[in-house]
Structure formats: C-alpha cells, structure tokens
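Chains as they are written, first to last, in our numbering: chain C, 306 to 792; chain D, 56 to 233.
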C-alpha cells in the first residue's frame, strides 16, 4: 500500500500533468485497490474543477489583461525587420547543429542501477530527462565524477560537468579531473571545488547542499548570495542570504554503499526480510511493528522517504521536534521486552538520539524505559521508576564503517534476570545488570523527540519491532541477517 | 421544420443542459487529466446529448443520462491520449466514475461551499489563485508576478488548496451540526 503522503504527491503530479508512467501505474494500483484513495482522488479533482469555475467568474468580474506569456511575444519578431529574422535563422541553424552534436554525446554511464530496471549497468546517458520512481543509481561521468542519485528523482546531464536535478537526492564524489562539477537545482546550484558532497532537492521545499569533505560554492537563484561551504557544513538554497542547516551525514546513499546494496537486492534480501517480519507479527508476544508501508501512518511529525529497499518507505526525522507516537489500546505489563529497528542516523554533535521512550498512558518519565544512542554511537537503555535510575551502556562505540549507513539496533530488557542486552548489527555489544528491575506498565511509545528534554532523533527509521519477551541472541542475529540491505 | 429543429425542443434542452452543465463538467474533470481535456470532452458530450435528446425520457434524470454519455466520451478520449501520454487505466476510470456518481450530492455541496471559502481568502491571494486557474495560463508568468520561483509558487498553490479543503470541511461540519 502507498503511504498517504506519497499518494497525495502522485495525485498532484497526475493532476499537474507531470506524472511518469511508473507513477501513473502506482496511482492506478492504489485507486483500484482502495476506496478511500478513490474518495481522496475525487475530492481533489472536485476542488480543481470548482476552482476553475471560481477563477472564470473572478476573471469575468475583473476584466483586465491576465498574464502576458513569453510565448505570445514571438509573433512580433518579424516586425523587427529582415536582419533580425536572418540573424534568428542563422542562430537556429547553428543552435540545431550544436544541439545535434550535444544530444548524441555520452555524458555519463550507469555503473549500478539498484532497483532501477529502466537503467541497467552500462546504460549511456546523454542530454535527456530521466525519472526514477524507486531505487538508487550510480553514475560515472566522462570526467570521472561518481554520482549516486536516490529516487524519487528527475535529472538530466547538460554536459559531463553539469547536472540538472529537479527532484531527488544526490551524493557526489568528485576527483580533481571533474573539479567545478556543477549540480543545478530549481532553487540554485552547487559548484564543486574538489569534494564529496550531497544535494537534496525535496518535492516542496528549497534544495539543500551538504558538504562531507572539501569545499563547495552554493549559489541561490533569484539573486541569492554566493557562499563557500566547507567540510561538515550544510546550506539551504533560498533567495537572499539562504540559511545554514545541520549536516545530515546519513541522508545520502554514498557511492561505496551501492555495490553491497545491489548485491543484497540480487540475493533476494527484501523477500527474506518480509518473511522474517511476517514471522514476528505471528509471534504470541507481538506488541507493535512499524514498516511504514501502510497508508495509515502513526501520529507524529516526520517525512516519508525511501527505505532500505527500492521503492519501500521509511520515516525520516529531520527537525529537532520530529516524533512518532503509538498509543497501545491498553496498558501492557511486561517483565521482558525486546525492541529493534533498522536506522540510518546522522551524526549529532550535542544530543543523543532517542530511539524509543516507552511510558505509561500519561507519558510520565518516572515510569519509563528509554532506548538511546549517544553521539559516539554508544547504545544505552535507561530504566526509571526504581529508586535509582538504572542504565545499561554498550561497551563499544559504533565503528566508523557502520556510520552514515543502515544499521540494525536491538535492546532487550529482562527484569526476570535483572539485566539488559544491547546489540548492533546482530552482535551483542553489552549485557549489563540493572541495580533493580520491575515489571513495566507501558501504553505510550514515542520514537524521536519526546518533547521533555533536548533529545531528538535525526535520521531515517525503517522497521521498528517491539515484542513482549526477551529474544535470544540467535533470534536477534537472524533479524539482522535476514534484513541486512548490504551483502 | 423537423421536430429536431423545433424551438421548444431546443429551449427544453438548453434549460436542462444549462442547469446541469457545472455538474457534468465537474464529473468529466475527474475522469481526464487536465482542464483542456475536460473542455474538449464536454463539448463532445454536449453534441451527443443534443443529437440524442429524443432518447431522453423526461421522467428520468438528465444528469444521470448525461453522466453515462460523459463516461463513454471520456474513456474514448483517454484511449486516444494513451498513445502519447500517461493516463489512468480504463477500469480505474470506471471505478472513479462510479464513486463520483454515488457521492454526487456531497461533491456538489463541496463545490458550492468553495465559493464561500474563496471569499475568505485575502484579495491579493484571490487574484493570484484566479490567475493560476485561467485557461492556457503560463504558470511561470503568474509565479513571477507573485514574486516567487515556479517551485515556490507550486508550494503556495498546494498550501492554498489544503487551506480551502480544510475550510470546506469545516463548513460542512458546521452545516451538519446546524
């Protein structure tokens, strides 16, 4: 099922006449299968129709020249005289010759098309618009710039040194041979000065530039200021001064990830992951599972983006106040609890990531279990409600190789044995004893900002699992191995 | 003068068509992707309705009869369009048409309420909205007039539509309470 946000986007793109064949196919599927979707579609087009009528009445009541289109100026040109016409003809002839040469030049080649059937490896890209609805594509330009574009995306190369991106996310690794490689977006452009950087062009907001290494010039359109960005800096391209942003280091699929992602897809990992998730749903201790694919998304503030698999969905938490909340139908009482999630976390400088805050119905912290990961990548489990706040801390940091990419985190609370276990990618990183444990009485689950402190979640979450028993080490490892998007 | 050319027949048709034209237009608009397509289909529907007006049973519903013809014309138009454009599949269009007919009364009410909601929009925004919905308008020209980028203008349009939808919902709820 298509998430509601995605469905609204599809409807609007169809109504605006810019939907691709894949998007129309997706829209058809949703409209065919869901009466609620048909109702929403009809309501939108009913509004369009009513607005067209209101606009016609408004125009009749306010007679005035509406808008002079640039196209309508063309017929006036012949009056400028013979020389102007001749010049125009020559320019058109030369332009046509230039265009013919340009349109036949190969600007880039597809190295890997993960989940992008229309762009298999080896496809040569010329000056043509390309739309991808799902998946990730890795390109190598004629000047050896390596570019990874994540769907949904629309792009076109103007030359091996200039790429137009009107929607989507891009990560570029630029060697000296491609210095000054430029990414043009609707709200401005990014000119490389020898770097690794990312560009995010959302559907309904200005583009952002994130610099991982080196230096990039950001130039907003509409007369915006030019700004030099350095490693660790991010910038939103807005008219005027623009605005600095927090670096979202994990928001972009990097070139080094593409091959292992492609291998996992080819090995059928998505099916294995789905089967394992199905098994967990049948587990008698099942409490909650979120895979973000259902149109009925939970309450909260977050964006819907691509998950681990091409075309799948995940929740992305960008703002400091972004959160997701689940209220269980009744208070659950457990002496054992296992929580697990696939995440892609941005590196935060000051606050820990709040993966889960489980409380009673009132959201009281004094009766809570909190699962966090600090800025060094160290997972923790905190138990309140005992005389002393108890904490289990992992004994190792997340290694650099696991940063800015998908990782599987799991934590097990076990009051029956007075301990907590923390896992990263199926590996037990700590098993600590709590000073005192008790039966948990939980009804409210908050992922992301609990709004009671400085903690937040910055990054993507794809699959969240909560079970009312202590899973064994083997079971946790199976969850990781079956759901691992890298092979 | 044949019966087809009689002034009474013409006046009867005109009266019925004029009173139902906004609903037929709105019905067609839900089946085809753009306003221009809807205009073309509506024109064809009007011709067929006039040619077959003798088939219409006076005790029947003119609107339902017109919807049936509009559905066929829209499907035919979409078949032609599908050669060079991406359009919804025929079975989906049938489902949309069916659902539109089922909720016809509610949708008509919503269109009426839009008039009230539109009047609540500040004058400057009314002007921009009206310009954006003029036939054959170049959206980049309206965006330039508003001082926004094309992308920014689309975002503004999206917000305005959401705000108007919310206003319609509130008005409907108010009417139910009353």
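Backbone N, C-alpha and C define an ideal beta-carbon position, used for all residues, glycine too.
Residue i classed as buried or exposed, judged by whether at least 16 other C-beta atoms fall within 10 angstroms
i	result
residue 628 of chain C	buried
residue 667 of chain C	exposed
residue 102 of chain D	exposed
residue 434 of chain C	exposed
residue 175 of chain D	exposed
residue 183 of chain D	buried
residue 69 of chain D	exposed
residue 586 of chain C	exposed
residue 40 of chain D	Outside the shown range of chain D (56 to 233) lies residue 40 of chain D, about which nothing can therefore be said.
residue 674 of chain C	buried
residue 311 of chain C	buried
C-alpha gap between residue i and residue j, whole angstroms
i	j	result
residue 732 of chain C	residue 782 of chain C	7 Å
residue 749 of chain C	residue 94 of chain D	52 Å
residue 713 of chain C	residue 452 of chain C	26 Å
residue 167 of chain D	residue 220 of chain D	12 Å
residue 364 of chain C	residue 626 of chain C	43 Å
residue 415 of chain C	residue 329 of chain C	25 Å
residue 555 of chain C	residue 540 of chain C	16 Å
residue 516 of chain C	residue 127 of chain D	55 Å
residue 602 of chain C	residue 531 of chain C	40 Å
residue 682 of chain C	residue 553 of chain C	15 Å
residue 110 of chain D	residue 78 of chain D	21 Å
residue 664 of chain C	residue 688 of chain C	10 Å
residue 100 of chain D	residue 132 of chain D	11 Å
residue 405 of chain C	residue 437 of chain C	Low confidence applies here, because residue 405 of chain C scores a pLDDT of 48, under 50, leaving its location unreliable; read the following figure in that light. Approximately 25 Å, taken between the alpha carbons.
residue 572 of chain C	residue 441 of chain C	17 Å
residue 195 of chain D	residue 485 of chain C	29 Å
residue 71 of chain D	residue 123 of chain D	16 Å
residue 565 of chain C	residue 644 of chain C	26 Å
residue 104 of chain D	residue 213 of chain D	36 Å
Residue i and residue j closer than 8 Å at C-beta
i	j	result
residue 769 of chain C	residue 646 of chain C	yes
residue 337 of chain C	residue 150 of chain D	yes
residue 319 of chain C	residue 190 of chain D	no
residue 720 of chain C	residue 685 of chain C	no
residue 354 of chain C	residue 81 of chain D	yes
residue 740 of chain C	residue 672 of chain C	no
residue 327 of chain C	residue 315 of chain C	no
residue 764 of chain C	residue 607 of chain C	no
residue 762 of chain C	residue 658 of chain C	yes
residue 615 of chain C	residue 570 of chain C	yes
residue 417 of chain C	residue 567 of chain C	yes
residue 143 of chain D	residue 347 of chain C	no
Residue i at chain C interface by Cβ criterion, 8 Å
i	result
residue 142 of chain D	yes
residue 56 of chain D	Only weak support exists for where residue 56 of chain D lies, its pLDDT of 47 falling under 50; the coordinates are left without a value.
residue 62 of chain D	no
residue 90 of chain D	yes
residue 132 of chain D	no
residue 151 of chain D	yes
residue 129 of chain D	no
CB-CB length for residue i against residue j, believed under 8 Å
i	j	result
residue 85 of chain D	residue 351 of chain C	7 Å
residue 574 of chain C	residue 790 of chain C	6 Å
residue 521 of chain C	residue 514 of chain C	6 Å
residue 563 of chain C	residue 443 of chain C	4 Å
residue 169 of chain D	residue 349 of chain C	The pair is not a contact, with the Cβ atoms about 13 Å apart (cut-off 8 Å).
residue 492 of chain C	residue 206 of chain D	6 Å
residue 677 of chain C	residue 660 of chain C	6 Å
Interface flag, residue i vs chain D, CB-CB below 8 Å
i	result
residue 336 of chain C	yes
residue 346 of chain C	yes
residue 381 of chain C	Only weak support is given to the placement of residue 381 of chain C: the predicted model assigns it a pLDDT of 34, under 50, and the value that follows is read from those uncertain coordinates. For residue 381 of chain C, the answer is no, since every Cβ of chain D falls outside 8 Å of its Cβ.
residue 491 of chain C	yes
residue 434 of chain C	no
residue 322 of chain C	yes
residue 370 of chain C	Confidence at residue 370 of chain C is low in this model, with a pLDDT of 41, below 50, so the placement of that residue should be treated as unreliable; the coordinate-derived value is given next. False, the Cβ-Cβ gap to chain D never drops below 8 Å.
residue 614 of chain C	no
residue 351 of chain C	yes
residue 609 of chain C	no
residue 357 of chain C	yes
residue 626 of chain C	no
residue 364 of chain C	yes
residue 725 of chain C	no
residue 360 of chain C	yes
residue 541 of chain C	no
residue 467 of chain C	no
Per-residue contacts from residue i into chain E (C-beta, under 9 Å)
i	result
residue 332 of chain C	Absence of chain E from the displayed structure is noted, the protein chains being C and D.
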